[in-house]
Structures are given as C-alpha cells and as structure tokens.
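Reading through the structure tokens given below for one structure.
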Amino acid sequence: MARKGNPSDLSSVSKFQVCRRARCQGSKQWILLFGLVIGVFLVQGSLPLSGVVYAQDDSGEDAHTFAKIEIPEPVFDFGTVAQGAKVSHDFTIRNVGTGELLLQKIVASCGCTATSSSDQKIAPGAEATVSAVFDTDGFSGEKIKTVRLYTNDPRQVSYLLTLRGTIEPEVKVEPKRVYLGEVTQGDDVSSTVRISVRDGSSITLGDYQTRSSGILVKQIESSAKSKSFVVSLSPDVKTGELRDRIVVDLKGGTQKTLNIPIYAAVQGPVRLVPRALTFGVIEGLAPIVRTVRLENDSLQMLEIKDLSIDHPAITVTHKVLKPGKRFEIQVSLDPSKVTSDVRTSLDVFTNAVDSENEKLSLSVYGVLPPK
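0 is the number of the first residue of the sequence shown in numbering that gives the first Met the number 0; add one for each residue after it.
Structure (structure tokens):
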C-alpha cells in the first residue's frame with residue numbers, strides 16, 4: 000500500500016535532486032565569474048601570453064616590447080690594400096624591434112682592430128653605426144678580422160662583424176723561406192729567392208748577409224727595388240739540422256731588415272733512415288715491430304759491429320741487404336713490459352774509421368694510452 004505523508008516532507012531522493020540543482024547553478028555562476036576575471040586580466044596585460052618578450056623600461060614597469068637587431072652588411076671586403084694602410088668601415092646597426100636596443104659590449108678579435116659606436120642606445124626604428132679600424136702594418140696576404148657585438152636582443156645576444164681582404168706587402172719575397180729538405184753532404188741542391196719592392200713604396204734594398212759558413216748565397220740580380228739570389232749548401236756543410244737566414248737591409252721605411260729563413264737536414268754519406276723512430280700509441284699484447292735502414296754512400300765498406308738500446312721492452316736485430324752498403328735493423332717492442340712512455344735511443348756501432356760514423360744514434364719514442 001502506498002505511503003501517505005506531508006507534502007512538505009520531501010523524500011531523501013527529492014532532497015538530493017534539489018541540492019544537485021542548486022549546486023549546478025552555483026558552479027555555473029562561479030565559472031562565469033572566473034571567466035570574466037581572466038578576460039579582464041588578458042585585456043590589461045596582467046597575465047603573460049605565449050610568444051611575447053617583455054622588457055623593463057626606465058620607470059621599472061614591464062612593457063610588451065623587445066629589441067631586434069638588423070645589420071644589412073655584416074661583412075666588409077676591403078679588397079687589396081698596401082701594407083701599412085689603415086682600413087676603416089662603418090657598419091650600420093638597425094633596431095627593427097619595438098623596444099630600445101642597447102649596444103652592451105664590443106669585442107675586437109685582436110689589438111689591431113679598434114671599434115667605436117655612434118650611439119650606445121638605439122630607439123625602435125632608428126639606426127647607429129659601429130666603426131672598425133684595421134691597421135695593416137706588419138700584416139700581409141689574405142686576412143680576416145672580426146668584431147663581436149653584444150646587445151640586449153633576446154633572439155641574438157651577439158653578432159659578428161667582419162673585415163676581410165688582401166694586404167700587399169711593401170717588400171715581396173718568393174719564397175718566404177728556403178726549405179732545402181733532407182739532403183746528403185755533397186748533394187747539389189739549391190733554391191732561387193726573389194725580392195721586390197712594391198711600386199710607389201719609398202723602401203729601397205740594401206746589403207745582405209748570412210750567418211753560417213754552411214750556406215752559399217750567389218746574387219744574380221741587384222737593384223734598389225729588386226734582388227735575386229741562388230741559395231745552396233757548401234760542400235763542407237756539417238751534418239745535422241741547419242738553420243740560417245739571409246738578412247737584407249731595408250732603407251726608407253719603418254722596417255729596417257728583411258729576414259729570409261733557411262732550413263736543411265744534412266746527413267752524411269752514412270745515415271740512418273728515418274732520423275727518428277716512433278711506436279705511436281702502445282696498445283694490445285702483440286709485439287710492435289719497426290724497421291730502420293742504415294745506408295752507406297761513402298767509399299768505405301761498412302759492417303755493423305753492435306746494436307744497443309737501453310730499454311727492457313725493446314729488442315733489436317739486423318740483416319744485410321747489400322754487403323757494406325745497405326742494412327735493415329728490426330726494432331721490436333713488447334707492450335706487456337712497458338710501464339711508462341718510451342723515451343730512449345738506439346745506438347748503432349760500425350767499423351767506420353772516422354768517429355762521426357763509428358757510432359750512429361737514433362731517437363725512439365712511444366706513448367701509453369691515457370687512463
């Protein structure tokens with residue numbers, strides 16, 4: 000039988016339904032209110048938007064602005080200039096952003112490049128210049144000099160400005176250095192050197208000299224603006240490394256002398272090839288083997304009497320390739336016996352009558368891998 004009761008007495012189900020409807024209406028009101036507040040904040044700029052960069056003005060207030068640097072020509076090619084000329088160029092710096100662009104720091108690649116700015120602050124839509132001066136005195140050939148510019152552009156905090164070109168020297172030397180290479184006493188080796196002064200230069204060429212009796216210099220052309228030499232080794236040049244130079248006096252300029260280096264590695268008729276032996280990086284367990292040749296171009300017939308090397312991990316043997324003239328020396332290293340980098344020498348004793356060839360020495364190297 001159905002239950003009868005007071006109409007004002009709601010069942011538990013009816014009460015739940017009424018409360019649910021009330022809560023839904025309240026939630027909708029809160030959602031509408033929250034959306035209204037967010038909209039106001041966005042209009043006034045109180046909340047950050049994605050992609051906007053903020054900068055702070057002098058008053059300390061945040062603004063929706065940022066600086067943006069633009070340099071139409073960041074590379075200046077000055078072409079070919081005479082040595083000693085001062086190359087200058089003004090780079091145009093533009094601010095295509097909406098905030099003030101600050102030129103915070105200017106750093107040159109070396110002391111030969113001076114820089115200055117026409118304005119340290121660039122307003123939006125304005126431009127300024129950065130001047131670079133390159134003093135080419137003492138430089139020659141193709142050169143590149145750079146200036147790095149630091150700004151408050153958040154997208155590019157630094158920018159590279161470049162000066163490049165070719166510097167024609169006051170005095171041109173071909174070749175700049177004489178390299179005669181590895182030679183044997185008595186070999187007929189030579190090199191021709193030509194010196195010329197640039198047209199329009201006040202410099203003139205004076206006397207020349209060398210500092211070693213092992214070098215022969217024959218002048219084949221001489222004038223105030225040009226000279227030519229043939230450089231060769233004297234017949235009695237000593238064995239070993241020869242380092243010398245031709246010094247030419249200069250007049251009428253800031254540079255007083257011109258130096259032309261000369262290098263040769265002179266070997267006697269009896270020699271070890273190569274002049275030094277390396278095992279490189281010493282790794283693994285298998286023996287590492289290197290070979291050295293003893294070559295004899297003297298009139299005497301040679302024999303190897305003894306081989307000596309002061310290292311417990313290295314053994315040496317030899318065999319005759321051509322009696323009295325050519326020998327092969329085998330140098331073997333056992334990696335398991337190496338506890339530190341190898342720095343030693345191999346001594347080869349012969350039956351030569353002269354003391355210079357009676358004992359021949361060769362440097363031996365090897366390094367352990369880093370731990």
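Backbone N, C-alpha and C fix where the C-beta goes; we use that ideal spot for every residue, glycine too.
Because the structure is a prediction, the values reported are computed rather than measured.
Worksheet item: How big is the Cα-Cα spacing for T191 and V229?
Response: Translated into positions along the sequence shown, residue 191 becomes position 192. Translated into positions along the sequence shown, residue 229 becomes position 230. Their backbone Cα atoms lie some 4 angstroms apart in a straight line.
Worksheet item: Could you give the C-beta distance for A127 and V146, rounded to a whole number, given that I count them as a contact under 8 angstroms?
Response: Residue mapping note: residue 127 aligns to position 128 of the sequence shown, counting from 1. Residue mapping note: residue 146 aligns to position 147 of the sequence shown, counting from 1. Not a contact, Cβ separation roughly 14 angstroms.
Worksheet item: Exposed or buried, what is L361 when buried is set at 16 or more other beta-carbons lying within 10 Å of its beta-carbon?
Response: Within the sequence shown, numbered from 1, the residue matching residue 361 stands at position 362. Burial call: buried.
Worksheet item: Among F278, S157, D340, N94, which residue has its Cα nearest to the Cα of A125?
Response: By one-based count along the sequence shown, residue 125 stands at place 126. Nearest option by C-alpha distance: N94.
Item to complete: Enumerate, from N- to C-terminal direction, the unbroken beta strand (DSSP E) stretches of 3 or more residues contained entirely within the stretch 60-90.
Response: For the stretch 60-90, whole beta strand (DSSP E) runs of length 3 or above, ordered along the chain, are 74-81.
Discussion item. Distance check for P234 and T290, CA to CA, integer angstroms please.
Written reply: Position 291 of the sequence shown, counting from 1, holds the residue named residue 290. Position 235 of the sequence shown, counting from 1, holds the residue named residue 234. So the two alpha carbons sit approximately 31 angstroms from each other.
Item to complete: Assuming D129 contacts I194 (C-beta within less than 8 angstroms), just tell me the rounded distance between them.
Response: As a position in the sequence shown, residue 129 is number 130, starting the count at 1. As a position in the sequence shown, residue 194 is number 195, starting the count at 1. A small correction: the amino acid at residue 129 is Val; Asp does not occupy that position in the sequence shown. V129 to I194, Cβ: 40 angstroms. No contact.
Worksheet entry | 8 angstroms CB neighbourhood of M300 in its chain, flanking five on each side removed | Within the sequence shown, residue 300 is the residue found at index 301, counting from 1. Around M300: P322, G323, K324.
Fill in: Segment contact flag, the stretch 277-293 with the stretch 325-340, C-beta cutoff 8 angstroms, min 3 pairs
Under the 8 angstroms Cβ criterion, the stretch 277-293 counts as touching the stretch 325-340, having at least three qualifying pairs.
Worksheet entry | S344, enclosing alpha helix (DSSP H) - first and last residue | Here residue 344 is taken as the residue at index 345 of the sequence shown, counted from 1. Unbroken run through S344 is the beta strand (DSSP E), 341-349; no alpha helix (DSSP H).
Worksheet item: Would you call the CB atoms of V182 and A263 closer than 8 angstroms?
Response: Along the sequence shown, one-based indexing puts residue 182 at 183. Along the sequence shown, one-based indexing puts residue 263 at 264. At a Cβ-Cβ threshold of 8 angstroms, V182 and A263 count as neighbours.
Discussion item. Between K224, S211, V188, S212, which has its C-alpha nearest I202's C-alpha?
Written reply: Walking along the sequence shown from the start, residue 202 turns up at place 203. Answer by Cα proximity: K224.
Discussion item. Based on DSSP bridge pairs, tell me the residues matched to K226.
Written reply: Working through the sequence shown from its first residue, we reach residue 226 at position 227. Beta-bridge partners of K226 (DSSP): I194, S221.
Worksheet item: Among K217, V188, L179, which has the Cα closest to the Cα of E240?
Response: By one-based count along the sequence shown, residue 240 stands at place 241. Here the closest residue by C-alpha is L179.
Discussion item. Let me confirm a value: P378 is counted as buried when at least 16 other C-beta atoms fall within 10 Å, else exposed. Which label applies?
Written reply: Because the chain in this structure spans residues 0 to 370, residue 378 falls outside the shown range and cannot be described.
Worksheet item: Can you list, in chain order, the residues of its chain whose CB lies under 6 angstroms from that of D136, leaving out five sequence neighbours each side?
Response: Residue 136 sits at position 137 when you count from the first residue of the sequence shown. If the five residues before and after D136 are omitted, its C-beta is found closer than 6 angstroms to the C-beta atoms of G83, all from its own chain and listed in chain order.
Practice prompt. Have a look at the DSSP bridge pairing and note the partners of V146.
Written response: Translated into positions along the sequence shown, residue 146 becomes position 147. Within the DSSP bridge table, the entry for V146 names A107, L160 as partners.
Discussion item. Using CA atoms only, rank isn't needed, just tell me which of G185, L257, G267, P73 is closest to Q208.
Written reply: Against the sequence shown, residue 208 aligns to sequence position 209. Of the candidates G185, L257, G267, P73, the one whose C-alpha sits nearest the C-alpha of Q208 is L257.
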